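First up is the structure itself, then whatever we jot down about it.
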Amino acid sequence: MDVLVLLEEAPDPSPVLARVDSVPGAFSYERRGRDVVTLYGTPSAESLALALAAVVESRRAEGSGLGAFRHLGVWPGRGAVGDTAWRDSATGELMTRDLDIPLAVLTDIALRLRDECGPLLQRLVAGLQMTDWPEGMWRGITMTFDPQDVSATALTLAGMDSLLDTVRLADGLSYEYEGD
7 MDVLVLLEEA
17 PDPSPVLARV
27 DSVPGAFSYE
37 RRGRDVVTLY
47 GTPSAESLAL
57 ALAAVVESRR
67 AEGSGLGAFR
77 HLGVWPGRGA
87 VGDTAWRDSA
97 TGELMTRDLD
107 IPLAVLTDIA
117 LRLRDECGPL
127 LQRLVAGLQM
137 TDWPEGMWRG
147 ITMTFDPQDV
157 SATALTLAGM
167 DSLLDTVRLA
177 DGLSYEYEGD
């Protein structure tokens with residue numbers, strides 16, 4: 007499963023930790039589905055683990071097949087709340103279902119993710135928080151993992167090590183030689 011993790015400023019009046027959205031494989035140029043996790047405010051390994059737990063658990067919900075769209079908000083003290091929509095393969099009718107994932111379920115999955123992949127989650131959060139991202143640039147890192155086999159070897163940060171090098175060298179400029 008491919009996940010794009012983005013960082014945005016916290017919405018002023020809202021305590022939401024994260025938003026989880028899906029992009030079905032049928033509409034992706036790669037023909038592979040992708041989930042987009044948007045963390046709000048100051049990210050932490052715990053908030054990232056809760057958001058990834060919402061991704062994993064929402065894929066288990068009824069109607070979460072290849073063409074399903076999912077939209078969830080991850081709330082402290084409440085869990086994940088949102089909905090999923092898909093087309094029925096037999097009738098073509100648009101089907102929708104509310105999703106409400108209890109905090110206890112998310113916490114259990116998040117603890118397993120943190121136990122098995124903690125250092126990698128911390129690296130991703132550290133990468134999102136680095137100060138040398140160019141101003142105005144979206145802070146986002148892609149990761150891939152298999153929700154059926156969550157282990158340190160299954161979770162990889164796609165391009166994490168080379169991402170900041172690419173950003174630093176954008177437009178042919180290198181931040182290492184600012185004084186020259």
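For the sequence shown, this note's numbering assigns the number 7 to the initial residue and increments by one for each residue that follows.
Cβ coordinates follow ideal geometry from the N, Cα and C atoms, glycine included.
This structure is a prediction, so every number in the text was calculated from the model and none was measured.
Cβ shell of residue i (< 6 Å), same chain only, five flanking positions each side left out
i, result
"ASP104", "ASP89"
"ARG145", "LEU13, LEU134 and TRP139"
"GLY47", "ALA16"
DSSP-derived helix/strand/coil call for residue i
i, result
"GLU141", "coil"
"GLU15", "coil"
"GLY146", "strand"
"ASP94", "coil"
"ARG118", "helix"
"GLY85", "strand"
"GLY73", "coil"
"ARG103", "strand"
"GLY39", "coil"
"ALA132", "helix"
Cβ-Cβ separation, residue j to residue i (assumed contact under 8 Å), whole Å
i, j, result
"THR44", "ARG25", "4 Å"
"ASP41", "THR150", "Actually they are not in contact, since the Cβ atoms of ASP41 and THR150 sit about 11 Å apart, beyond 8 Å."
Where residue i falls, given that 16 or more other Cβ within 10 Å makes a residue buried
i, result
"GLY85", "buried"
"ALA74", "buried"
"MET136", "exposed"
Residue(s) in a DSSP beta bridge with residue i
i, result
"PRO125", "Bridge partners of PRO125: none, in fact."
"THR44", "LEU12 and ARG25"
"GLY79", "ARG25 and VAL87"
"PRO108", "GLY85"
7 Å Cβ shell around residue i - same chain, five flanking residues per side excluded
i, result
"LEU109", "GLY83, ARG84 and GLY85"
"SER28", "GLY39, ASP41, ALA74, PHE75 and ARG76"
Same chain only: Cβ atoms within 8 Å of residue i, ignoring 5 sequence neighbours per side
i, result
"ALA116", "GLU52, ALA55, LEU56, LEU58 and ALA59"
"GLU63", "ALA86, ILE107, VAL111, LEU112 and ILE115"
"GLU99", "ARG93"
Residue i Cβ short of 7 Å to the ligand PLP heavy atom set
i, result
"ARG65", "In the structure shown, the ligand PLP is absent, as is every other ligand, since no ligand is present at all."
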